[in-house]
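Visitor: Okay, here's the structure, questions in a sec.
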Amino acid sequence: LYHLWYFPAVLLGVAIALPLSRSRCGLPIALALYLAGLLGDSYFGLVRGVPVLSDIYEAMGYTRNGLFFAPLFLLLGQRMRPCAAGRALPGLCVSLALMLCEALTLRQLGWQKHDSMYLMLPCVMYFLFSLLLDVRAAAPGWCGGFSMLVYVLHPWVIVLLRGFARFSGLWQPLVESSLGHYLAVCAGTAAASAVLLPLLGHLKPCEPYDRARAWVEVDAEALRHNAKALMGLLPAGCELMPVLKCGAYGHGAVKSARVLEGCGVRAFAVACAAEGAELRRAGVRGTILVLGWTAPENFPCLVRYRLTQTVTELPYAEALSAYGRKLDVHIKIDTGMHRLGMDAGDIDTVERIFELPYLRVTGMYTHLCVSDSLSPEARSFTEAQSTRFFALTDELKRRGHDVGKLHTQASYGLLNYPDARCSYARVGIALYGLKSAETDDTAAWPGLRPVLSLKARVAQVRELPMSEGLGYGLAYTTTRPGRIAVLTIGYGDGCPRGSEGAQVWINGKRARIVGRVCMDQTIIDVTDCGKVYPGDEAIFDLPALAGQSSTITNELLSRLNRRLPRVWLK
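Using UniProt numbering, the letters of the sequence shown correspond one by one to residues 1 to 570.
What follows is the structure, encoded as structure tokens:
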């Protein structure tokens, strides 16, 4: 059962790769181990007959194990960066052809002890996984269980097949013939996996139905549409940098990132290192910019997950530099908002950051604080902010510094004040098809569609007479005989407590929230909504809900609790 070698190999490989991943020499060490392993595998001819060395490799049997083989591939997976668009498939074809030539040459030379490890194999696997990671097509739900069974069962099928071939007299076609052996093992493993697959369903724990109470529906197609529509507004040389902070404004950061990667997005922004780490652990690639302050205790996360950190002042930059590990940073410039950032007029202090060791300045940015308005005063202030920012970056360029990617625009900046000098547009609320407030005017609105829907079930319907108080504090009194429905959602889910009067859709008709929203329930007036029954769906009008609660949609979306399942529509 040597075909089960990968189980102990991955355990030992992880034990070796973990400390190596924290070292700048980790990847070279793993590569050296792999090259040493080659001498006990396909390149054994180079050491055959060499005293001691050949004896060591002979005693080992296989170098395709957790010491020589696994660490390199584990570290490559950890440090994998995206290929440039369109290069993965050509790279795979070329490296695969070179590996085939390598294998045939080694076979002709008679050097091979085994045929598992080749010089070109890491290149083949790099391009293969780059190609696979670019494919975002949905797989049927049974594929995961089926592939796991194939992975585990195929060694046992090999054993059973050899036994069957020995007793049936079919040894030559089923074992000696490599192609016949391969096809028979594939067929047998697939058949065994198909038989056992239904049993896996009975072993899984019972999961609650995600639409049973209240939930969030996220329309992946609307997100794709919005991303492409916003890309159409970008000037030449400018890229979309979706802001995925606070769970992508309540939509779900990881799944949003995967959809956006499929649209060609290669840069993201988050609020904190923990959010960036979550994306990296989920396999999200490209630039991830941390917009907020990261505590020194979390500096290792910046290195481990290859996050780009925002620098807002010189002492903080010096602390990052003193950490002693290479870090990419963007410098935040304060041009008038006076929240975070370095003074746009203090160029000498800003310049000192470019001279700090270990820090690589890969970008600079500012925030336009009144770009959501088209008033003459807002336009004048926004233009003044842009002038201050680009005057600073132009002077730094004149002094010989590479200022990297420049970006000033968030959602409203892109919609109202496009600027050809920007390399990124940090889009947030617009990407999700909403304005911060329904009354906001924008110079452009390229057919953006709401991505998120908030829904809840009706728990109970009851008749009430006129002049009857209801809810906490009897804060609402009926003005006519009618019917009320209790929805299974409350402020514990993120529905604002003070949203009385906001609109909810049920049976295609508008109902109104009455009384104070409770922690887990909300009461609506359904007198004019026809027949309403327990279990019916109610859909919240989010912009109206935000307006009624005297807040903006950004806040409302960000408050949607994790208790609400996120149901993604394909």
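All residues carry an ideal CB built from backbone N, CA and C; glycine is no exception.
Gln460: which of Ile484, Thr294, Ala253 sits nearest, CA to CA?
Guide: Position 460 of the sequence shown holds residue 460. If we check each option's Cα against that of Gln460, Ile484 comes out closest.
Visitor: For the region 495 to 504 against the region 540 to 553, do three or more pairs of beta-carbon atoms, one drawn from each stretch, fall closer than 8 Å, so that the two count as touching?
Guide: yes
Visitor: Would you list, in sequence order, the uninterrupted beta strand (DSSP E) runs of no fewer than 3 residues that lie entirely inside the UniProt domain "Alanine racemase C-terminal" (451 to 569)?
Guide: 452 to 464, 482 to 487, 503 to 506, 509 to 513, 522 to 525, 537 to 540, 566 to 569
Visitor: Is it a yes or a no for the region 218 to 234 touching the region 423 to 435, going by three-plus beta-carbon pairs under 8 Å?
Guide: Cβ pair count under 8 Å is three or more, so yes.
Visitor: Just to confirm before moving on: does the CB-CB distance between Leu98 and Met120 stay below 8 Å?
Guide: If you number the sequence shown from 1, residue 98 lands on position 98. If you number the sequence shown from 1, residue 120 lands on position 120. Cβ distance < 8 Å, so Leu98 and Met120 count as in contact.
Visitor: Where Leu75 and Ser21 are concerned, what is the direct C-alpha to C-alpha distance, given to the nearest angstrom?
Guide: The residue labelled residue 75 in the question sits at position 75 within the sequence shown. The residue labelled residue 21 in the question sits at position 21 within the sequence shown. Between Leu75 and Ser21, the C-alpha separation is close to 7 Å.
Visitor: Let me check understanding here. Comparing Cα to Cα, which of Cys272, Gly237, Ile288 lies closest to Glu261?
Guide: As a working mapping, residue 261 is identified with position 261 in the sequence shown. The residue with the shortest Cα to Cα distance from Glu261 is Ile288.
Visitor: Just reading off the alpha helix (DSSP H) that His407 is part of, what are its end residues?
Guide: Taking the first residue of the sequence shown as position 1, residue 407 is located at position 407. No alpha helix (DSSP H) holds His407; the beta strand (DSSP E) holding it covers 405 to 407.
Visitor: Decide if the region 345 to 354 is in contact with the region 367 to 385; the criterion is three or more beta carbon pairs, one per stretch, under 8 Å apart.
Guide: no
Visitor: Is the separation between the beta-carbon of Met80 and that of Phe129 shorter than 8 Å?
Guide: Start at 1 with the first residue of the sequence shown, and residue 80 comes out as number 80. Start at 1 with the first residue of the sequence shown, and residue 129 comes out as number 129. For Met80 and Phe129, yes; Cβs fall inside 8 Å.
Visitor: Roughly how many angstroms lie between the CA atoms of Ser54 and Gly110, to the nearest whole one?
Guide: By one-based count along the sequence shown, residue 54 stands at place 54. By one-based count along the sequence shown, residue 110 stands at place 110. So the alpha carbons of these two residues sit roughly 15 Å apart.
Visitor: If we count Cβ pairs, one from each stretch, closer than 8 Å, do we get three or more for the region 471 to 489 versus the region 552 to 561?
Guide: Counting C-beta pairs closer than 8 Å gives fewer than three between the region 471 to 489 and the region 552 to 561, which falls short of the contact rule.
Visitor: I need the straight-line Cα distance from Leu203 to Ala212, nearest angstrom please.
Guide: If you number the sequence shown from 1, residue 203 lands on position 203. If you number the sequence shown from 1, residue 212 lands on position 212. Distance between the alpha carbons of Leu203 and Ala212 is about 23 Å.
Visitor: Rounded to whole angstroms, what is the Cα-Cα separation between Ile506 and Gly201?
Guide: Against the sequence shown, residue 506 aligns to sequence position 506. Against the sequence shown, residue 201 aligns to sequence position 201. Whole-angstrom Cα-Cα distance: 35 Å.
Visitor: Taking buried to mean at least 16 other C-beta atoms within 10 Å of its own C-beta, is Asp528 buried or exposed?
Guide: In the sequence shown, the residue the question calls residue 528 occupies position 528. Classification of Asp528: exposed, given that the 10 Å Cβ count is below 16.
Visitor: Should Glu500 be labelled buried (16 or more other beta-carbon atoms within 10 Å of its own) or exposed?
Guide: Locating residue 500 in the sequence shown gives position 500, where the first residue counts as 1. When all chains shown are included, Glu500 counts as buried.
Visitor: Give the straight-line distance between the Cα atoms of Gly345 and Gln409, rounded to the nearest whole angstrom.
Guide: Along the sequence shown, one-based indexing puts residue 345 at 345. Along the sequence shown, one-based indexing puts residue 409 at 409. Rounded to whole angstroms, the separation of the alpha carbons of Gln409 and Gly345 is 20 Å.
Visitor: Buried or exposed: Asp334, going by 16 or more other Cβ atoms within 10 Å of its Cβ?
Guide: Taking the sequence shown and counting its residues from 1, the one referred to as residue 334 is at position 334. With 16 or more other Cβ atoms within 10 Å, it is buried.
Visitor: What residue from His225, Trp568, Cys123 has the CA that sits closest to Leu448's CA?
Guide: Position 448 of the sequence shown holds residue 448. Among His225, Trp568, Cys123, the Cα nearest to that of Leu448 belongs to His225.
Visitor: Should the region 29 to 43 be called in touch with the region 63 to 74, which here means at least 3 C-beta pairs below 8 Å?
Guide: yes
Visitor: So within the region 357 to 442, which uninterrupted alpha helix (DSSP H) runs reach at least 4 residues, ignoring any that extend past its ends?
Guide: 376 to 398, 411 to 416
Visitor: If we ignore side chains and look at the alpha-carbon of each, how far apart do Ser375 and Gly508 end up?
Guide: Sequence index remark: in the sequence shown, residue 375 carries index 375 (1-based). Sequence index remark: in the sequence shown, residue 508 carries index 508 (1-based). Taking the straight line from one Cα to the other gives about 37 Å.
Visitor: Taking the alpha-carbon of His154 as reference, which of Arg563, Pro28, Ala190 has the nearest alpha-carbon?
Guide: For the purposes of this step, residue 154 is taken as residue 154 along the sequence shown, with counting starting at 1. Of all alpha-carbon atoms in Arg563, Pro28, Ala190, the one lying nearest the alpha-carbon of His154 is that of Ala190.
Visitor: I'd like the span of the alpha helix (DSSP H) that includes Phe354, first residue to last.
Guide: For the purposes of this step, residue 354 is identified with residue 354 of the sequence shown, where counting begins at 1. Looking at the DSSP string, the run of the alpha helix (DSSP H) that includes Phe354 is 347 to 354.
Visitor: So what's Met148 in DSSP terms, helix, strand or just coil?
Guide: Within the sequence shown, numbered from 1, the residue matching residue 148 stands at position 148. In this structure, Met148 counts as helix in the three-state DSSP scheme.
Visitor: What residues are listed by DSSP as bridge partners for Met231?
Guide: Sequence index remark: in the sequence shown, residue 231 carries index 231 (1-based). Bridge partners of Met231: none, in fact.
Visitor: Determine the DSSP secondary structure at Trp142, reduced to helix, strand or coil.
Guide: Residue numbering aside, residue 142 sits at position 142 when the sequence shown is read from its first letter. Coil at Trp142, not helix or strand.
Visitor: Would Ser436 and Ile539 be called neighbours here (beta carbons separated by less than 8 Å)?
Guide: Position 436 of the sequence shown, counting from 1, holds the residue named residue 436. Position 539 of the sequence shown, counting from 1, holds the residue named residue 539. No, they are not a contact pair.
Visitor: Since Glu217 sits in a beta bridge, which residues does DSSP pair it with?
Guide: Counting from one through the sequence shown, the residue named residue 217 turns up at place 217. Answer by DSSP bridge pairing, in chain order: Ser453, Val567.
Visitor: Can you name the start and end residues of the beta strand (DSSP E) that Lys332 belongs to?
Guide: Here the question's residue 332 lines up with position 332 in the sequence shown. Looking at the DSSP string, the run of the beta strand (DSSP E) that includes Lys332 is 327 to 334.
Visitor: Does the beta-carbon distance from Phe268 to Ala257 come in below 8 Å?
Guide: Working through the sequence shown from its first residue, we reach residue 268 at position 268. Working through the sequence shown from its first residue, we reach residue 257 at position 257. The answer is yes: Cβ separation under 8 Å.
Visitor: If we ignore side chains and look at the alpha-carbon of each, how far apart do Thr477 and Trp215 end up?
Guide: As a first step, residue 477 is located in the sequence shown; it is residue number 477 there, counting from the start. As a first step, residue 215 is located in the sequence shown; it is residue number 215 there, counting from the start. Cα to Cα, the separation comes out at about 29 Å.
Visitor: Take Glu239 as the anchor and find which of Thr442, Arg421, Val504, Thr522 has the nearest alpha-carbon.
Guide: The sequence position of residue 239 within the sequence shown is 239, counting from 1. For Glu239, the nearest C-alpha among the options comes from Arg421.
Visitor: Given a cut-off of 8 Å, decide if Ala319 and Leu356 are closer than it, judged by their beta-carbon atoms.
Guide: Working through the sequence shown from its first residue, we reach residue 356 at position 356. Working through the sequence shown from its first residue, we reach residue 319 at position 319. Going by C-beta atoms, Leu356 is not nearer than 8 Å to Ala319.
Visitor: Whole angstroms are fine: how far does the CA of Glu377 sit from the CA of Ala511?
Guide: What you label residue 511 is simply residue 511 of the sequence shown in a count that begins at 1. What you label residue 377 is simply residue 377 of the sequence shown in a count that begins at 1. Approximately 40 Å, taken between the alpha carbons.
Visitor: From Asp520, Ser116, Arg48, pick the residue whose C-alpha is nearest to that of Asp41; which is it?
Guide: Indexing the sequence shown from 1 puts residue 41 at position 41. Here the closest residue by C-alpha is Ser116.
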